[in-house]
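Q:
Protein chains: 2
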Amino acid sequence: MRMSELSATSGVSVATIKFYLREGLVPAGERTSPNQALYNNAHLDRLRLVRALIDLGGLGVTAVRRVLAAVDDTAMPVEQTFGIAQHALPNPLPDLPGAPPGHGSEILDALVVAEGWLVEDANPGRAMVEKVLDTYESLGHPELASTISAYARAAAIVANADLDAVALQGDRAGMAQVVVVGTVLGDTLAAGLRRMAQEHITRTRFAPPQEGTIP
Amino acid sequence: MRMSELSATSGVSVATIKFYLREGLVPAGERTSPNQALYNNAHLDRLRLVRALIDLGGLGVTAVRRVLAAVDDTAMPVEQTFGIAQHALPNPLPDLPGAPPGHGSEILDALVVAEGWLVEDANPGRAMVEKVLDTYESLGHPELASTISAYARAAAIVANADLDAVALQGDRAGMAQVVVVGTVLGDTLAAGLRRMAQEHITRTRFAPPQEGTIP
Numbered sequence: 147m148r149m150s151e152l153s154a155t156s157g158v159s160v161a162t163i164k165f166y167l168r169e170g171l172v173p174a175g176e177r178t179s180p181n182q183a184l185y186n187n188a189h190l191d192r193l194r195l196v197r198a199l200i201d202l203g204g205l206g207v208t209a210v211r212r213v214l215a216a217v218d219d220t221a222m223p224v225e226q227t228f229g230i231a232q233h234a235l236p237n238p239l240p241d242l243p244g245a246p247p248g249h250g251s252e253i254l255d256a257l258v259v260a261e262g263w264l265v266e267d268a269n270p271g272r273a274m275v276e277k278v279l280d281t282y283e284s285l286g287h288p289e290l291a292s293t294i295s296a297y298a299r300a301a302a303i304v305a306n307a308d309l310d311a312v313a314l315q316g317d318r319a320g321m322a323q324v325v326v327v328g329t330v331l332g333d334t335l336a337a338g339l340r341r342m343a344q345e346h347i348t349r350t351r352f353a354p355p356q357e358g359t360i361p
Numbered sequence: 147m148r149m150s151e152l153s154a155t156s157g158v159s160v161a162t163i164k165f166y167l168r169e170g171l172v173p174a175g176e177r178t179s180p181n182q183a184l185y186n187n188a189h190l191d192r193l194r195l196v197r198a199l200i201d202l203g204g205l206g207v208t209a210v211r212r213v214l215a216a217v218d219d220t221a222m223p224v225e226q227t228f229g230i231a232q233h234a235l236p237n238p239l240p241d242l243p244g245a246p247p248g249h250g251s252e253i254l255d256a257l258v259v260a261e262g263w264l265v266e267d268a269n270p271g272r273a274m275v276e277k278v279l280d281t282y283e284s285l286g287h288p289e290l291a292s293t294i295s296a297y298a299r300a301a302a303i304v305a306n307a308d309l310d311a312v313a314l315q316g317d318r319a320g321m322a323q324v325v326v327v328g329t330v331l332g333d334t335l336a337a338g339l340r341r342m343a344q345e346h347i348t349r350t351r352f353a354p355p356q357e358g359t360i361p
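Note that the protein sequences, when read in sequence, are chains U and C. The numbering used here puts the first sequence at residues 147 to 361. The numbering used here puts the second sequence at residues 147 to 361.
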């Protein structure tokens, strides 16, 4: 297809596609004349992946390039792409001004030992968890840290499902893509289902039975 | 304490505190002269909660006001504050341009029936889950929707832990605060632990045993 069709099909403007081409996020098309090139479904797929990383994952151009290089590097073991995707995602928690350092790091270390988790210090999840635990403490609710073992159990279920989905892919390219897509979108899937489960469990645990509603 | 001390202890600038006072996010201090007022630990706690909602939760001033009104409304059943906190949080997923509508809604409806979940259509989690499922599909990986039952199981564990933490509070004020704080920060706690669990499970499932590492 031509650039104009690629744009119409993907919903991405020609100017943006040209920018991605210049930045190397989308591979060049097959040149048919000095001013024209043809694109195929692989270009369309890549373009959609780039948009998902930028618009949904919040990644910058440099981070996208790093993630795509991992996806395309057939010599890289697929499991390494998890770490690259994790590091590329922006840390969703900024520093809270004036919050004193708390005991988040110690609580997390104890969890890691209790669960027998093999996790490097550089894992980006560590900083996120420590920040949340420190914030619970600074907000006067250190007891909320006690939820961490249930959250860890849930995280193991989710991560196993993530890995199952990767293992089901037929080839390395598919596996690497699923790692990236699942890492970027899985947090939102989990957060959405958490809101639904909160409503359901609140209704069943707190609310009195009402006439006309499902018991 | 005076305004200057409240600022020093909280790490929030005097100008910002004055803005919050004007907007009604922090209650007025006890006036001791036309130009001076005294603040106590309740003001400090409220100020920290406001910062957490804005800086960590990404809430705007109007959303913060709505959440605080729910926290302070002693006539409101605590379980209702969940919905208010959920609705106040910004939807983390913008629209992906050009993505065709997929089968996310049908897949989610089937899950809700299978799990027997009592969840209203207006629950903000629904739109998040549908968006993720539609995006999986538009990125050429509809099979990733199969992870949803494991994610739902994990969400139920997390939501039960959230509700347990609420039930442990001694009074309504504490319960409402824990609902808000846990709703805002729990997603990040879950996302951080997911990254750690992904690394651990990847190592134990994919990686060959190496000399010198814990087996």
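C-beta: ideal position from N, C-alpha, C; glycine also.
What does isoleucine 253 of chain C reach in chain U if we use C-beta pairs closer than 7 Å?
A: Stepping through the second sequence from its first residue, residue 253 of chain C is reached at position 107. Result: empty, since nearest Cβ-Cβ is about 11 Å, beyond 7 Å.
Q: Roughly how many whole angstroms lie between the Cα atoms of leucine 195 of chain C and glycine 206 of chain U?
A: For the purposes of this step, residue 195 of chain C is identified with residue 49 of the second sequence, where counting begins at 1. For the purposes of this step, residue 206 of chain U is identified with residue 60 of the first sequence, where counting begins at 1. Those two C-alpha atoms are separated by around 30 Å.
Q: Glutamine 182 of chain C lies in the beta strand (DSSP E); which residues open and close that run?
A: Translated into the one-based positions of the second sequence, residue 182 of chain C becomes position 36. From DSSP, the beta strand (DSSP E) with glutamine 182 of chain C extends over 182–184.
Q: Hey, quick one: how far does the alpha helix (DSSP H) through serine 251 of chain C stretch, first residue to last?
A: The residue given as residue 251 of chain C occupies position 105 in the second sequence. Start and end: 250–261.
Q: Less than 8 Å between the beta carbons of valine 217 of chain C and leucine 193 of chain C, yes or no?
A: For the purposes of this step, residue 217 of chain C is identified with residue 71 of the second sequence, where counting begins at 1. For the purposes of this step, residue 193 of chain C is identified with residue 47 of the second sequence, where counting begins at 1. No; because the gap between Cβ atoms is not below 8 Å, this pair is not in contact.
Q: Taking 8 Å as the threshold (beta carbon to beta carbon), is glycine 229 of chain U in contact with chain C?
A: Locating residue 229 of chain U in the first sequence gives position 83, counting from the first residue. It does: the Cβ of glycine 229 of chain U has a partner Cβ on chain C nearer than 8 Å.
Q: Excluding five sequence neighbours on each side, which residues of the same chain lie with their C-beta closer than 7 Å to the C-beta of serine 179 of chain C?
A: The count along the second sequence starts at 1 and reaches residue 179 of chain C at position 33. Excluding residues within five positions, none has a Cβ falling inside 7 Å.
Q: Please list the partners that serine 284 of chain C has in chain U, where partner means a Cβ-to-Cβ separation under 7 Å.
A: By one-based count along the second sequence, residue 284 of chain C stands at place 138. Within chain U, the residues near serine 284 of chain C are Arg194.
Q: Please name the residue or residues paired with glutamate 283 of chain U in a DSSP beta bridge.
A: Here residue 283 of chain U corresponds to residue number 137 of the first sequence, with the count starting at 1. Answer is none; glutamate 283 of chain U lacks a bridge partner.
Q: Put arginine 177 of chain C into one of helix, strand or coil per three-state DSSP.
A: Residue mapping note: residue 177 of chain C aligns to position 31 of the second sequence, counting from 1. Residue state, collapsed to three classes: strand.
Q: Here's the rule I'm using: 16 or more other beta-carbon atoms within 10 Å means buried, otherwise exposed. How should proline 361 of chain C be labelled?
A: Position 215 of the second sequence holds residue 361 of chain C. Low confidence applies to proline 361 of chain C: its pLDDT is 47, below 50, so where it sits in the model is not reliable, and the reading given next is rough at best. With fewer than 16 Cβ atoms within 10 Å of its Cβ, proline 361 of chain C is classed as exposed.
Q: Counting only C-beta atoms, is isoleucine 303 of chain C closer than 8 Å to chain U at any point?
A: What you label residue 303 of chain C is simply residue 157 of the second sequence in a count that begins at 1. Answer yes: the Cβ-Cβ gap between isoleucine 303 of chain C and chain U drops below 8 Å somewhere.
Q: Could you tell me how far apart the beta carbons of alanine 337 of chain U and tyrosine 297 of chain C are, in whole angstroms, since I believe they sit closer than 8 Å?
A: Locating residue 337 of chain U in the first sequence gives position 191, where the first residue counts as 1. Locating residue 297 of chain C in the second sequence gives position 151, where the first residue counts as 1. Not really, about 10 Å apart at Cβ, beyond 8 Å.
Q: Determine the burial state of lysine 277 of chain U: buried for a count of at least 16 other Cβ atoms within 10 Å of its Cβ, exposed for fewer.
A: One-based indexing of the first sequence puts residue 277 of chain U at position 131. Counting Cβ neighbours within 10 Å, lysine 277 of chain U comes out buried, since at least 16 surround it.
Q: Going along chain C in order, which residues have a C-beta closer than 9 Å to the C-beta of arginine 272 of chain U?
A: The count along the first sequence starts at 1 and reaches residue 272 of chain U at position 126. Near arginine 272 of chain U (Cβ distances below 9 Å), the residues of chain C are Gly338, Arg341, Met342.
Q: Would glycine 332 of chain U count as contacting chain C if we go by Cβ distances under 8 Å?
A: In the first sequence, the residue the question calls residue 332 of chain U occupies position 186. Chain C contact via Cβ: present.
Q: Check proline 361 of chain C in the structure and name its three-state DSSP category.
A: Translated into the one-based positions of the second sequence, residue 361 of chain C becomes position 215. Annotation note: pLDDT 47 at proline 361 of chain C (below 50); position unreliable, coordinate value reported separately. Coil.
Q: For the stretch 182–210 of chain U, list every residue whose C-beta sits within 7 Å of some C-beta in chain C, in sequence order.
A: Going along the stretch 182–210 of chain U in chain order, one finds Asp191, Arg194, Leu195, Arg197, Ala198, Asp201, Leu202 with a Cβ nearer than 7 Å to chain C.
Q: Considering only C-alpha positions, which residue in the set C/Phe165, C/Ser156, C/Gly170 is nearest to asparagine 186 of chain C?
A: Position 40 of the second sequence, counting from 1, holds the residue named residue 186 of chain C. For the residues C/Phe165, C/Ser156, C/Gly170, the minimum Cα distance to asparagine 186 of chain C belongs to C/Ser156.
Q: Considering only the beta carbon of each residue, do arginine 197 of chain C and valine 224 of chain C sit closer than 8 Å?
A: Residue mapping note: residue 197 of chain C aligns to position 51 of the second sequence, counting from 1. Residue mapping note: residue 224 of chain C aligns to position 78 of the second sequence, counting from 1. No. Outside cutoff.
Q: Kindly indicate which three-state DSSP category arginine 349 of chain U falls into: helix, strand or coil?
A: Here the question's residue 349 of chain U lines up with position 203 in the first sequence. Helix at arginine 349 of chain U.
Q: Check the Cβ of arginine 177 of chain C against every Cβ in chain U and list those closer than 7 Å, keeping chain order.
A: As a position in the second sequence, residue 177 of chain C is number 31, starting the count at 1. Going along chain U, no residue has its Cβ under 7 Å from arginine 177 of chain C, so there is no contact; the nearest lies around 25 Å.
Q: Within 8 Å of any Cβ in chain C, is that where the Cβ of aspartate 317 of chain U sits?
A: Against the first sequence, residue 317 of chain U aligns to sequence position 171. Output row for aspartate 317 of chain U: interface = no.
Q: Counting along the chain, where does the alpha helix (DSSP H) carrying isoleucine 230 of chain U start and finish?
A: Residue mapping note: residue 230 of chain U aligns to position 84 of the first sequence, counting from 1. Note, isoleucine 230 of chain U: alpha helix (DSSP H), 224–234.
Q: Could you pull out every unbroken alpha helix (DSSP H) segment of at least 4 residues lying fully inside the stretch 190–221 of chain C, listed in chain order?
A: Counting only runs of 4 or more, we get 207–218.
Q: How is valine 158 of chain U classed by DSSP in three states: helix, strand or coil?
A: By 1-based counting over the first sequence, the position of residue 158 of chain U is 12. Of the three classes helix, strand and coil, the one that applies to valine 158 of chain U here is coil, per DSSP.
Q: Within its chain, find whatever has a CB closer than 7 Å to the CB of leucine 167 of chain C; leave out the 5 residues flanking it on each side and keep chain order.
A: To locate residue 167 of chain C, count along the second sequence from 1; it is residue 21. Hits under 7 Å: Ala174.
Q: Let me check understanding here. Comparing Cα to Cα, which of C/Pro246, C/Pro247, C/Arg272 lies closest to leucine 256 of chain C?
A: Position 110 of the second sequence, counted from the first residue, corresponds to residue 256 of chain C. One point to set straight first is that residue 256 of chain C is alanine, not leucine, in the sequence displayed. It is C/Arg272 whose Cα lies nearest to the Cα of alanine 256 of chain C.
Q: Mind checking if arginine 212 of chain C is an interface residue toward chain U, Cβ cutoff 8 Å exclusive?
A: Start at 1 with the first residue of the second sequence, and residue 212 of chain C comes out as number 66. Judged by the 8 Å Cβ criterion, arginine 212 of chain C is not in contact with chain U.
Q: Reducing DSSP to helix, strand and coil, say where leucine 171 of chain C ends up.
A: By one-based count along the second sequence, residue 171 of chain C stands at place 25. If DSSP states are grouped into helix, strand and coil, leucine 171 of chain C belongs with coil.
Q: Determine the extent of the alpha helix (DSSP H) in which valine 265 of chain U is found, giving its start and end residues.
A: As a first step, residue 265 of chain U must be located in the first sequence, where it is residue number 119. That residue, valine 265 of chain U, is in no alpha helix (DSSP H); it is neither H nor E in DSSP.
Q: Is the number of C-beta pairs between the stretch 274–290 of chain C and the stretch 246–264 of chain C that are closer than 8 Å three or more?
A: Touching, yes, given that three or more Cβ pairs across the two stretches are closer than 8 Å.
Q: Please list the terminal residues of the continuous alpha helix (DSSP H) segment that includes arginine 299 of chain C.
A: Counting from 1 along the second sequence, the entry for residue 299 of chain C is found at position 153. It spans 294–313 - the alpha helix (DSSP H) in which arginine 299 of chain C sits, taken as one unbroken run.
Q: For aspartate 333 of chain U, which three-state DSSP category applies?
A: Taking the first residue of the first sequence as position 1, residue 333 of chain U is located at position 187. Helix.
Q: Tell me whether leucine 314 of chain U is buried or exposed, calling it buried when 16 or more other Cβ atoms sit within 10 Å of its Cβ.
A: Numbered from its first residue, the first sequence carries residue 314 of chain U at position 168. The residue is exposed, with fewer than 16 neighbouring Cβ atoms inside 10 Å.
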